[in-house]
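Colleague: Okay, so the first sequence: first residue is 4 according to the numbering used here, each after it adds one. Here a beta-carbon is modelled for each residue, glycine too, at the ideal position from N, C-alpha and C. Source: prediction; values computed, not measured.
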Amino acid sequence: MSLQQELTALFSQAFEAEELESSFGAVAVSQRPELADFQCNGALGAAKPAGRNPRDIAAAIVAHVDAPELIDTLDIAGPGFINIHISDKALAGSVSAMSDTERLGVAPIHRPLTVVVDYGGPNMSKALHVGHLRAAIIGESVKRLFSFLGHTTIGDIHMGDWGMPIGQLIVELQDRQPDLPYFDPEYDVAVDGPYPEESPVTLDDLSDMYPVITRRCADDPEVAERARVATFELQNGRAGYLAVWEHFHSVSVAEQTKDFKALGVEFDVWYGESTVNQHLEPMVRTALAGGVGYESDGAVIVDVATPEDKKELPPLLLTRSDGSYLYSTTDLATIEMRVKDMGMDLGLYVVDARQGLHFEQVFRAARKMNILPSDVMVEHIGFGTVNGPDGRPFKTREGGVLRLGDLIALVTEGARARLDEAHIAEDYPDEERDVIARQVGLAALKFGDLSNHRTSNYTFDLERFSAFEGKTGPYLQYSAVRIKSILRRADKQGLKAAEMIPPTVSQERILMLRLVRLSEVVHRAADLRAPNVLAEYSYELATDFSRFYEHCHILNEPDVRRQASWLALVSLTLDVLTKLLDLLGIEIPDRM
RNA sequence: GCCCCCGUAGCUCAAUCGGAUAGAGCAACGGACUUCUAAUCCGUAGGUUGCACGUUCAAGUCGUGCCGGGGGUGCCA
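#1: What are the complete alpha helix (DSSP H) segments, minimum 4 residues, inside the segment 289–377?
#2: For the segment 73–80 against the segment 307–327, are there 3 or more C-beta pairs whose distance is under 8 angstroms?
#3: Kindly list the residues whose CB is nearer than 8 angstroms to the CB of residue 57, restricted to its own chain and excluding five residues on each side of it in sequence; keep chain order.
#4: Report the rounded CA-to-CA distance for residue 335 versus residue 581, giving the unit in angstroms.
#5: Is residue 250 helix, strand or coil by DSSP?
#6: Below 8 angstroms, can you find three or more Cβ-Cβ pairs linking the segment 315–326 to the segment 343–358?
#7: Where does the unbroken beta strand (DSSP E) through residue 34 begin, and where does it stop?
#8: Considering Cα atoms alone, identify which of 208, 246 and 235 is closest to residue 197.
#9: On the three-pair Cβ rule with 8 angstroms, is the segment 366–375 touching the segment 279–297?
#10: Could you check the C-alpha separation between residue 450 and residue 148 for me, to the nearest Å?
#11: Just checking, does the segment 443–459 make contact with the segment 505–524 on the three C-beta pairs under 8 angstroms criterion?
#12: DSSP three-state label for residue 581, please.
#13: Which of the three DSSP states is assigned to residue 220 in this structure?
#14: Look at the alpha carbon of residue 405 and the alpha carbon of residue 162, and state the distance between them as a whole number of angstroms.
#15: Identify whether residue 155 lies in helix, strand or coil by the three-state DSSP scheme.
#16: Buried or exposed, going by whether 16 or more other CB atoms sit within 10 Å of the CB of residue 398?
#17: Quick one: give me the first and last residue of the alpha helix (DSSP H) that residue 101 is part of.
#18: Pull up the distance between the alpha-carbon of residue 13 and that of residue 575, whole angstroms please.
#19: Which residue's Cα is closest to the Cα of residue 262: 300, 227, 206 and 431?
#20: Over what stretch of residues does the alpha helix (DSSP H) that includes residue 174 continue unbroken?
#21: Run through DSSP, which three-state label would residue 406 get?
#22: In the DSSP assignment, find the alpha helix (DSSP H) that holds residue 186 and state where it starts and stops.
#23: When we look at the beta-carbon of residue 592 and count the other beta-carbons within 10 Å, is it buried (16 or more) or exposed?
#24: Could you have a look at residue 382 and say whether DSSP puts it in helix, strand or coil?
#25: In whole angstroms, what is the alpha-carbon distance linking residue 589 and residue 476?
#26: For residue 24, which residues from the same chain have a beta carbon less than 7 angstroms from its beta carbon, with the 5 sequence-adjacent residues on both sides left out?
#27: For the alpha helix (DSSP H) holding residue 60, just list the boundary residues, first then last.
#28: Leaving out the 5 sequence neighbours to the left and right, which residues in its chain are closer than 6 angstroms to residue 102 when beta-carbon positions are compared?
#29: Determine contact between the segment 93–102 and the segment 511–522, defined as no fewer than three beta-carbon pairs at a distance below 8 angstroms.
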């Protein structure tokens with residue numbers, strides 16, 4: 004049990020003893036560190052319903068709390084805040100207990116769930132660019148976080164590979180290379196042999212074609228109509244289109260795998276819209292048979308509005324009027340698959356916040372169509388847009404955006420330049436310098452994004468993603484590297500970490516107080532699905548360590564008990580930092 | 001039209017789901033390297049939290065209205 008949990012239990016009992024709601028006993032970290040370590044504000048909330056004076060309640064609560072081992076002093080301040088000073092001994096004991104466990108003292112969850120994290124979601128046939136950064140790294144972080152807490156997680160890239168864009172690309176390719184066998188309706192594999200094995204296009208070709216055909220469809224209804232027909236025919240199994248789809252798919256997956264790998268993002272499954280292809284028609288049929296779905300203007304729709312709604316909610320479209328399917332359809336069938344085949348208890352959709360309405364429709368329709376049981380939860384974890392310098396979101400279909408691979412190269416070069424100018428790693432082997440540059444560059448990139456709140460929009464700024472000083476990823480790495488260096492030297496000198504003794508200097512005490520918060524921070528980050536909570540805490544932990552480092556010279560410490568205790572303390576700090584950075588998807592070099 | 005999100009220091013962003021004196025980084029200015037890695041540390045300065053009412057012991061946070069920005073809104077994803 005964490006220190007905060009112990010205190011909360013203690014104060015909850017005290018409130019019960021006063022015949023007040025035990026929930027008023029919630030203890031939080033103090034916001035005024037000069038006044039207290041922890042605080043309980045319950046007396047303020049309890050006063051009104053109980054018809055009592057908050058300060059009197061606080062006094063009564065304090066009188067009930069008797070834990071001399073744990074608590075040094077209790078003060079009542081202001082209107083009725085109870086300020087708690089933890090005893091140094093209890094603090095050291097609590098920190099020490101953290102280092103005894105793999106979980107670093109993070110409280111276990113009540114019920115492990117099978118959590119499907121839907122993130123990444125690139126469209127097939129598009130090179131990854133900065134717009135894909137957030138989905139990838141926020142999703143990766145959320146997945147790692149839930150996994151660390153003890154849930155079973157499945158990360159699914161959920162590629163956009165079965166919708167209108169594919170039909171559009173087919174049309175564009177047909178116009179560019181009309182003689183390809185894929186477009187010949189007369190082509191018969193049995194007679195003419197199999198379709199060519201080699202792809203007629205590269206991913207670069209497809210990426211170039213994308214904005215062109217999008218524009219053409221917008222400008223010319225006839226082209227748009229052809230794209231619709233092509234989409235319909237693809238979804239209904241036209242052999243040539245399926246064959247060319249296979250090429251689109253394989254060149255896309257090959258390139259995107261590289262990009263995601265470079266980013267340190269790994270999916271457990273590479274499913275996509277097309278995965279549920281076979282289930283679309285039966286699902287729509289069932290919806291029609293049950294009366295949940297019905298025809299309207301030739302399309303099949305599901306009403307998702309309820310009388311309680313204040314805003315008007317448009318119905319969800321299951322099929323277009325030509326019978327082809329939309330991403331609503333594949334999203335619904337995907338829910339069905341995840342529930343039936345993957346045992347999903349909780350689905351987290353890490354997708355652009357602008358798709359909020361879509362997911363509200365899909366989730367409601369899924370309940371209504373009985374493909375989402377009441378005990379399975381699904382949530383849209385929306386995130387803000389990355390805007391261009393003009394203040395508008397990067398438009399993925401207008402082309403001319405920064406490729407993800409180029410971005411990674413840029414930040415890596417930046418880190419490399421920093422190494423050179425500081426003459427830091429001149430004696431390291433070249434391979435190691437390369438690895439360090441890559442790790443540091445990625446850390447800058449990821450932390451620059453993850454330290455923002457998920458839902459906030461921000462302007463893309465290369466400087467922001469390639470800063471190595473101050474509140475940055477490299478600062479966190481640097482802190483960890485300094486600890487590694489100390490531990491290496493200590494080891495060489497035969498110094499060993501030993502029992503953690505109560506803190507003797509303020510920097511040490513502050514660091515300890517920071518460490519014991521870990522459990523609450525991790526749980527809070529998971530509850531809010533907000534990696535920036537981890538990022539913020541990581542930075543604070545690193546600054547606390549840096550101050551301790553400046554003030555307490557471990558290797559020169561004459562008091563051997565103190566020295567051994569400090570070694571244990573920084574060793575734990577390294578473990579916690581390593582874990583936190585891992586949850587953010589950031590690697591730590593051995594030296595930098 | 002309707003709905004959603006945002007507006008915090010010069011800039012980029014936080015703020016423990018209503019708590020005490022709104023915090024960081026960058027930029028600016030001033031200090032600290034013969035000592036475990038200076039990608040560091042210490043200090044100074046910087047604010048009517050868009051505006052106005054309201055709810056409450058307590059509002060950046062909740063409610064209403066307004067101003068400004070972004071997004072969404074049945075056959076794109």
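Modeller: The relevant details are as follows:
#1: 330–343 and 359–371
#2: no
#3: 46, 47, 49, 50, 82 and 83
#4: 38 angstroms
#5: helix
#6: no
#7: Premise fails: residue 34 is in no beta strand (DSSP E) and is neither H nor E.
#8: 246
#9: yes
#10: 16 angstroms
#11: no
#12: helix
#13: helix
#14: 21 angstroms
#15: strand
#16: With a pLDDT of 44 at residue 398, under the threshold of 50, the modelled position of this residue cannot be trusted; read the value that follows with caution. It counts as exposed.
#17: 91–101
#18: 27 angstroms
#19: 206
#20: 167–179
#21: strand
#22: No alpha helix (DSSP H) contains residue 186, which DSSP labels as neither H nor E.
#23: buried
#24: strand
#25: 8 angstroms
#26: 18 and 49
#27: 57–67
#28: 575
#29: yes
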